[in-house]
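**Q** Encoded as structure tokens, here's the structure I'll be asking about.
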Amino acid sequence: MPSEYVSGWPISRFGCTLSFMKRGNLLTGLILFGLIAGIGVGELLYHLEVEDATLAFFKAAGDLVLIRPLMLLIIPLILVSVIVGVTSLGDPSKLGLIGGSTILYYMVTMLLAVILGTTLVTIFQPGVGLPPEVVETLRAEGEQQLEQHAEIRDRMEEAEDMGLGGVWVNILEQLIPTNIVHEMSATRPLGVIVFALLFGLALAATGEKAQPVIRFFDGAFAGIMTLVLWIIWLTPIGVFLLVAWTVGTIGLVELVGPLSKYMILVIVGLFIHGAIVLPAILYLLTRKNPYRFMWQMRKALMTAFGTDSSSATLPVTIQSAEMEGGCSKRSANFVLPLGATINMDGTALYEAVAVVFLFQLFGIDLTFVELIIVVVTATLAAVGAAGIPSAGLVTMVIVVTAVNTSLAARPDSPYLPMAAVGIILGVDRILDMCRTTVNVWGDAAGAKIMTRLAPDVEEDLEKALG
Ligand code: ASP
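Quick note, the sequence shown lines up with residues 155 to 620 if you use this note's numbering.
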């Protein structure tokens with residue numbers, strides 16, 4: 155690799171490393187300021203009971219300033235980054251090993267997250283012991299919430315109709331697309347990833363004649379990353395606006411309300427998974443300081459927290475992982491786009507806690523077998539959830555349906571009405587911010603781990619894969 159490159163990045167493009175780091179720190183400070191100011195202003199708006207239109211302004215402005223520019227990059231970025239990752243690896247057998255290890259890592263970590271969530275919610279029982287009148291009020295408010303959020307209700311009904319089987323058929327259809335342009339225009343990343351994988355492999359196998367195309371994609375990738383570096387400067391403002399909207403709508407006061415035990419349990423579970431379980435895995439498999447890597451990924455993690463979307467965060471995740479986190483292009487370009495689409499540790503954990511909590515609230519005790527159903531379906535539902543706000547809430551109805559089906563065999567056939575999900579809808583955005591952060595952190599940890607299998611330096615790659 156030419157000496158002016160560090161992890162595949164031309165230094166000249168960004169000025170000297172020192173000034174880059176200074177700018178990085180400035181940006182971190184600004185994003186942090188945006189987050190804190192967003193929480194402060196949001197809480198103020200909540201207490202001032204400002205009109206819905208004022209809050210809607212914050213959301214619309216946040217979407218315009220940050221979400222839309224990031225979303226604009228996602229599809230071209232996925233296409234180009236996966237092609238670059240695969241062509242630099244070359245050999246299909248190497249890709250098979252890395253791909254297999256990546257999927258295994260995703261599945262194991264999601265299962266660990268879900269088991270942790272199920273264990274916590276079963277031990278601490280946040281839905282048991284609330285006075286009946288509080289439960290009644292919650293139910294009534296839940297129904298109201300569902301009425302108010304027609305779009306989410308429609309998505310939930312759709313997911314309910316589809317069931318787990320339908321969701322998987324849908325995933326398989328996305329994996330075998332028929333029209334790549336359609337997949338791109340519908341922002342369906344899985345089909346684009348599959349196409350990019352195959353095309354990348356084919357380019358690598360074609361040899362000399364395909365070299366200009368490979369170099370073209372290399373250049374296109376560097377160009378998109380420069381674009382990301384520009385857009386990233388919008389993050390502080392975007393994060394401020396979106397967080398102010400969330401806190402202004404929900405209010406931190408909810409953290410001491412009747413749902414407090416549930417909310418705190420989700421946050422504690424996410425904290426244990428993100429700050430203990432994933433770092434332990436990262437350390438065991440890389441022998442590198444996981445917290446240092448977490449710090450290097452701070453911009454992506456804060457963006458995930460602010461935007462509530464692992465897909466929208468993807469450009470920042472790739473940028474941070476490769477430029478600051480020491481992840482190889484060969485690993486990150488492939489692991490991160492796939493991870494943003496299917497690897498959701500935070501969502502899996504949250505779905506398990508939320509479902510068991512709701513059953514507890516409705517006085518339905520789940521047996522061990524039913525808890526296993528929760529573990530399995532919550533993991534699969536998390537894979538099916540898209541990297542967008544509230545996706546986990548929507549696919550949760552699949553878990554509820556699966557448990558309801560099993561409960562039907564009991565003599566009294568108890569069941570949880572779908573409207574119950576409305577109870578947690580009102581406070582979901584705050585939890586969504588936290589679980590999205592863990593989702594992105596899980597993806598980043600995966601990219602770091604796979605960097606050992608797919609380093610960018612040719613000799614190291616030979617050593618790693620033989
Ligand atoms: N918002 C989450 C994400 O983008 C998905 C979810 O709703 O759990 O990763």
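Using N, Cα and C, we set each Cβ at its ideal position, and we do this for glycine too.
Is E478 helix, strand or coil by DSSP?
**A** It is coil, neither helix nor strand.
**Q** If we count Cβ pairs, one from each stretch, closer than 8 Å, do we get three or more for the stretch 427–438 versus the stretch 565–585?
**A** Taking 8 Å as the limit for Cβ pairs, the verdict is that the stretch 565–585 does not touch the stretch 427–438.
**Q** Given a threshold of 16 other Cβ atoms within 10 Å of its Cβ, counted over all protein chains shown, does A207 qualify as buried or as exposed?
**A** Result: exposed.
**Q** Return yes when at least one heavy atom of ligand 1 lies under 7 Å from the C-beta of G392, else no.
**A** Result no, Cβ not under 7 Å from ligand 1.
**Q** Taking C-alpha atoms, which residue in A429, L406, G283 and A358 lies nearest to F447?
**A** Considering only alpha carbons, the answer is A429.
**Q** Please report the Cβ distance between G621 and R589, rounded to the nearest whole angstrom; I am assuming they are in contact, meaning their Cβ atoms lie under 8 Å.
**A** No information on residue 621 is available, as it lies outside the stretch 155 to 620 that the chain covers here.
**Q** Any idea what DSSP makes of P609, helix, strand or coil?
**A** Note: P609 maps to coil in three-state DSSP.
**Q** Taking only the alpha-carbon atoms, compute the straight-line gap between A398 and Q299 and give it to the nearest angstrom.
**A** Taking the straight line from one Cα to the other gives about 20 Å.
**Q** Between N497 and M264, is the Cβ-Cβ spacing less than 8 Å?
**A** Closer than 8 Å, so yes.
**Q** State the Cα-Cα distance for the pair L198 and A562, rounded to the nearest angstrom.
**A** Roughly 47 Å between the two C-alpha positions.
**Q** So, for E314: in the same chain, excluding its five sequence neighbours on each side, which residues have a beta-carbon less than 8 Å away from its beta-carbon?
**A** Hits under 8 Å: V551, I552, T555 and M572.
**Q** Express the C-alpha separation of A191 and K213 in angstroms, rounding to a whole number.
**A** Computed Cα separation, rounded: 15 Å.
**Q** Measure the CB-CB distance between V393 and G460 and report whether it falls below 8 Å.
**A** Yes.
**Q** For T256, which residues of its own chain have a beta-carbon under 7 Å away from its beta-carbon, when the five flanking residues on both sides are left out?
**A** Correct list, in chain order: V489, L492, G600 and M604.
**Q** What does a CB cutoff of less than 8 Å around D597 pick up in its chain, not counting 5 residues either side in sequence?
**A** Contacts found: S464, T471, V489, L490, G493, A494 and N497.
**Q** Use the C-beta contact count for G169: other C-beta atoms within 10 angstroms, 16 or more gives buried, fewer gives exposed.
**A** Low local confidence applies: a pLDDT of 49 at G169 is under 50, so the model's placement there is unreliable, and no value is given.
**Q** Closest to F371 by CA distance: which of D566, V234 and I229 is it?
**A** Checking every option, the nearest Cα to that of F371 belongs to V234.
**Q** Are the beta-carbon atoms belonging to A475 and T467 less than 8 Å from one another?
**A** In this structure, T467 does not lie closer than 8 Å to A475 by Cβ.
**Q** If you count every other CB in all the chains shown that lies within 10 Å of the CB of K602, and 16 or more means buried, which is it?
**A** So K602 ends up on the buried side.
**Q** Let me know the beta strand (DSSP E) ranges lying completely inside the stretch 493–524, each 3 residues or longer, listed in chain order.
**A** The qualifying runs do not exist here; there are none.
**Q** Do T533 and ligand 1 come close, with the Cβ less than 7 Å from some heavy atom?
**A** It does not: the Cβ of T533 is nowhere closer than 7 Å to a heavy atom of ligand 1.
**Q** Ligand 1 and A545: does any heavy atom of the ligand fall closer than 7 Å to the residue's C-beta?
**A** Yes, the Cβ of A545 comes within 7 Å of a heavy atom of ligand 1.
**Q** Counting only the same chain and skipping the five closest in sequence on each side, list residues whose C-beta sits under 6 Å from that of A532.
**A** Correct list, in chain order: V268, A502, E505, A506 and V553.
**Q** In this structure, does DSSP put P246 in helix, strand or coil?
**A** Note: P246 maps to helix in three-state DSSP.
**Q** To the nearest whole angstrom, what separates the beta carbons of A574 and L512, a pair I think is in contact under 8 Å?
**A** The pair is a contact, with the Cβ atoms about 5 Å apart (cut-off 8 Å).
**Q** Alpha carbon to alpha carbon, how far is P343 from I306? Give it in angstroms, no decimals.
**A** Approximately 21 Å, taken between the alpha carbons.
**Q** Per DSSP, what kind of secondary structure is R342 in: helix, strand or coil?
**A** DSSP places R342 in coil when its eight states are reduced to three.
**Q** Run through DSSP, which three-state label would I603 get?
**A** Helix at I603.
**Q** Would you check whether ligand 1 has a heavy atom nearer than 7 Å to the C-beta of A454?
**A** Outside the cutoff, so no.
**Q** Within 7 Å: the Cβ of G541 and any heavy atom of ligand 1?
**A** Yes, ligand 1 has a heavy atom inside 7 Å of this Cβ.
**Q** Indicate whether G402 and G538 have their beta-carbon atoms separated by less than 8 Å.
**A** Contact flag unset, no.
**Q** Which complete beta strand (DSSP E) runs does the stretch 169–237 hold, if anything under 3 residues is left out?
**A** DSSP runs (the beta strand (DSSP E)) wholly in the stretch 169–237: none.
**Q** Considering G283, what are the terminal residues of the alpha helix (DSSP H) in which it resides?
**A** Counting along the chain, G283 falls outside any alpha helix (DSSP H), and DSSP gives it neither H nor E.
**Q** Rounded to whole angstroms, what is the Cα-Cα separation between N333 and L515?
**A** Taking the straight line from one Cα to the other gives about 46 Å.
**Q** Whole angstroms are fine: how far does the CA of G373 sit from the CA of E158?
**A** With a pLDDT of 33 at E158, under the threshold of 50, the modelled position of this residue cannot be trusted, and the question is left open.
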